[in-house]
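Below you'll find the structure, written out as structure tokens, and then a few comments.
Residue numbers (the working numbering), protein chains in the order written: chain L, 106 to 359; chain F, 1343 to 1741.
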């Protein structure tokens, strides 16, 4: 699905990723840990293709296409979808309109109203996008857009940030559904078959690990000073960081 | 009216001087006798200005070509629509309304309008308590070359009545030269409501000098929507509303695009002359090469009273936007605020939309349409679609 090879990235001449290599397979969910300023968000922004993030070396391949220098919208149309942590307000652009535009490139007539009800956001459809949205509202709005977009690789920067407990369950379950499809048993398919059908991959950044209570994460790694290290089960990494902090990761690197 | 406000009402020095003798105030007009004889292109241009010649969804119509009224009719007995000359004759010169809100000696253009031959315009009046659901339309169309149109419009909304007037002003084609002088006076009586939507479709050689003043009484409401998306040589206007009765409300929404060659000097002024009055002025301007002076002035002289002014401009290309928001409080306790911004489209917003699969042009266009926010005007669906289409067409020059 996604193959990152020796990726080097700078912002205004400052190197933020120093040779990152990572592969995420179809249907796999990867968790990225790391202290503040380690380059996690930069990695996501680079994968999406934002102008400020200059790729100085390496290669990004997505579903067989070299997207290292592809424009943002091409990546989106190929199936990369990102949840923004601090999305901009666009005055005069109704949430409803944006959600239907998200689905537009799949040539589908989505029922925006029904979709919004799932994330308890139907009351917000006539509001200007992100205008005065709270932390939890931003998350639900981003998820709603992603539901319409149906990406095959989901990039999510801190799904827990600014979210209260009640919303956490809603957000966690929605992320799971985006990654796994519906969890409801179906008469024509066993749960095993349904799991095998999983084709959506995820790359998720978390500090607190709350999201791990809702999704099935396959692998995790720590990003430290622009370099990946410590590959393990995400729960194991989380427990370790909780006890010892990121100090041990640095030791692995040396 | 305060001294400062008086001073501000004279035209600004930035405007080019022009020779009024270049234009014919009478005689040169094309002399269209029947609106049905207009060509398809003319009709198309009028449609773009919100004027429906099939008269569908309208309570009445006043249509004028050059210096002659060609159609004046009402489908609703509660709305009176007359040619202004007929109204002056019938009502002994309309002493309460004619040159009452607008002063004859306000500036050079009001003096010119007063001295030249009056060439039409409308008188509209809604009976007390009558809420007219479908809009009345008026159209001032210039077809002849080098025509000067000197019109005088009066709208009276009697107590507790309601009216929406859609007025389209246009020239037949883009290259013709013309001068449009329009005096408009609005009188909204106690509890009345007037919505006035004006759409301008002039040409590159048209000078436009409207002078508009409205008076709103107790509990009355005035809303203005102004749309200018097409080229014009110059527009200079500063519609002013006096909220003279308690709880009166005025709201202005303007959407202006100035392509290369256009000079648009326009603003709105609200006088909060009574307690509990509220005023709001919102303007959205885009230059794609022209010059825009976006003014706004709220004068609060009674308390409690609230006024808010919002002027936002986008520069796409090499144009100039000069925002001049003015707040003038003359009494303690008045609440006036403003928000002005002139800039470009934020890259962050474009990238956000691109991450949802829109290419750069689609993203820019979506942001521009949101910025212009015509929806806020609450126009009839068909008119809103027409305006959207015009914006879409003018986007070709934007980016």
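In this text, a Cβ means the ideal position worked out from N, Cα and C, and glycines have one as well.
These numbers were taken from a predicted model, which means no experiment stands behind them.
So, are the CB atoms of residue i and residue j less than 8 Å apart?
i                       : j                       : result
residue 267 of chain L  : residue 122 of chain L  : no
residue 164 of chain L  : residue 328 of chain L  : no
residue 1367 of chain F : residue 1492 of chain F : yes
residue 261 of chain L  : residue 325 of chain L  : no
residue 1683 of chain F : residue 1654 of chain F : yes
residue 204 of chain L  : residue 249 of chain L  : yes
residue 1676 of chain F : residue 1645 of chain F : yes
residue 1619 of chain F : residue 1647 of chain F : yes
residue 1729 of chain F : residue 1709 of chain F : no
residue 1421 of chain F : residue 1468 of chain F : yes
residue 1464 of chain F : residue 1434 of chain F : no
residue 1427 of chain F : residue 1460 of chain F : yes
residue 196 of chain L  : residue 236 of chain L  : yes
residue 1529 of chain F : residue 1439 of chain F : yes
residue 256 of chain L  : residue 1694 of chain F : no
What distance in whole Å lies between the Cβ atoms of residue j and residue i, which are believed to be in contact at a cut-off of 8 Å?
i                       : j                       : result
residue 1595 of chain F : residue 1615 of chain F : Their Cβ separation, rounded to whole angstroms, is 22 Å, which puts residue 1595 of chain F and residue 1615 of chain F out of contact at 8 Å.
residue 259 of chain L  : residue 305 of chain L  : 6 Å
residue 1483 of chain F : residue 1512 of chain F : 6 Å
residue 1570 of chain F : residue 1732 of chain F : Not quite, the Cβ-Cβ distance comes to about 10 Å (not below 8 Å), so this is no contact.
residue 1499 of chain F : residue 1531 of chain F : 6 Å
residue 1621 of chain F : residue 1640 of chain F : 5 Å
residue 1487 of chain F : residue 1526 of chain F : 25 Å between Cβ atoms; not a contact.
residue 1749 of chain F : residue 1581 of chain F : What the structure shows of chain F is the stretch from 1343 to 1741, and residue 1749 of chain F is not part of that stretch, so it cannot be assessed.
residue 200 of chain L  : residue 232 of chain L  : 6 Å
residue 1413 of chain F : residue 1403 of chain F : 6 Å
residue 178 of chain L  : residue 1696 of chain F : 4 Å
residue 1504 of chain F : residue 1534 of chain F : 7 Å
residue 1322 of chain F : residue 1612 of chain F : Given a span of 1343 to 1741 for chain F in the structure shown, any question on residue 1322 of chain F remains unanswerable.
residue 264 of chain L  : residue 185 of chain L  : 17 Å between Cβ atoms; not a contact.
residue 1632 of chain F : residue 1661 of chain F : 5 Å
Run down chain F in chain order and give the residues with a C-beta less than 7 Å from the C-beta of residue i.
i                      : result
residue 237 of chain L : The premise fails here: residue 237 of chain L is roughly 15 Å from chain F at the closest Cβ pair, so nothing lies under 7 Å.
residue 187 of chain L : 1697
residue 153 of chain L : 1697
residue 284 of chain L : Correct list: empty, because the minimum Cβ distance to chain F is about 19 Å.
residue 149 of chain L : What residue 149 of chain L touches in chain F: nothing, since even the nearest Cβ is about 11 Å away.
Go ahead and pull the three-state DSSP assignment for residue i.
i                       : result
residue 1712 of chain F : helix
residue 1454 of chain F : helix
residue 1682 of chain F : strand
residue 1735 of chain F : helix
residue 183 of chain L  : helix
residue 286 of chain L  : coil
residue 330 of chain L  : coil
residue 1475 of chain F : coil
residue 278 of chain L  : helix
residue 319 of chain L  : coil
residue 348 of chain L  : helix
residue 200 of chain L  : helix
residue 1349 of chain F : Residue placement at residue 1349 of chain F cannot be trusted, given a pLDDT of 43 that sits under 50; what the coordinates show is reported in the next sentence. It is helical.
residue 178 of chain L  : helix
residue 1608 of chain F : strand
residue 116 of chain L  : strand
residue 241 of chain L  : helix
residue 1481 of chain F : strand
residue 1370 of chain F : In this predicted model, residue 1370 of chain F has a pLDDT of only 49, less than 50, meaning its place in the structure is not dependable enough to derive any value.
residue 250 of chain L  : helix
residue 1501 of chain F : coil
residue 1354 of chain F : At residue 1354 of chain F the pLDDT is 46, less than 50, meaning the model places this residue with poor confidence and gives no usable figure here.
residue 272 of chain L  : helix
residue 215 of chain L  : coil
Check the Cβ of residue i against every Cβ in chain F and list those closer than 8 Å, keeping chain order.
i                      : result
residue 196 of chain L : 1712, 1713, 1715
residue 250 of chain L : 1698
Note down, in chain order, every chain L residue with its Cβ under 8 Å from the Cβ of residue i.
i                       : result
residue 1652 of chain F : The contacting residues do not exist; residue 1652 of chain F stays about 10 Å from chain L at best.
residue 1699 of chain F : 178, 181, 182, 206, 207, 209, 210, 254
residue 1694 of chain F : 189, 192, 193, 195
residue 1709 of chain F : 195, 198
Using a C-beta to C-beta distance shorter than 7 Å, which residues of chain L count as neighbours of residue i?
i                       : result
residue 1689 of chain F : 156
Quick one: list the residues of chain F neighbouring residue i, beta-carbon separation under 9 Å, in chain order.
i                      : result
residue 308 of chain L : Under the 9 Å cutoff, chain F gives no residues; its nearest Cβ is about 14 Å from residue 308 of chain L.
residue 258 of chain L : The contacting residues do not exist; residue 258 of chain L stays about 13 Å from chain F at best.
residue 112 of chain L : Near residue 112 of chain L there are no residues of chain F at all, since even the closest Cβ is about 19 Å away, more than 9 Å.
(message) By the 9 Å beta-carbon criterion, what residues does the region 304 to 331 of chain L contribute toward chain F?
(response) none
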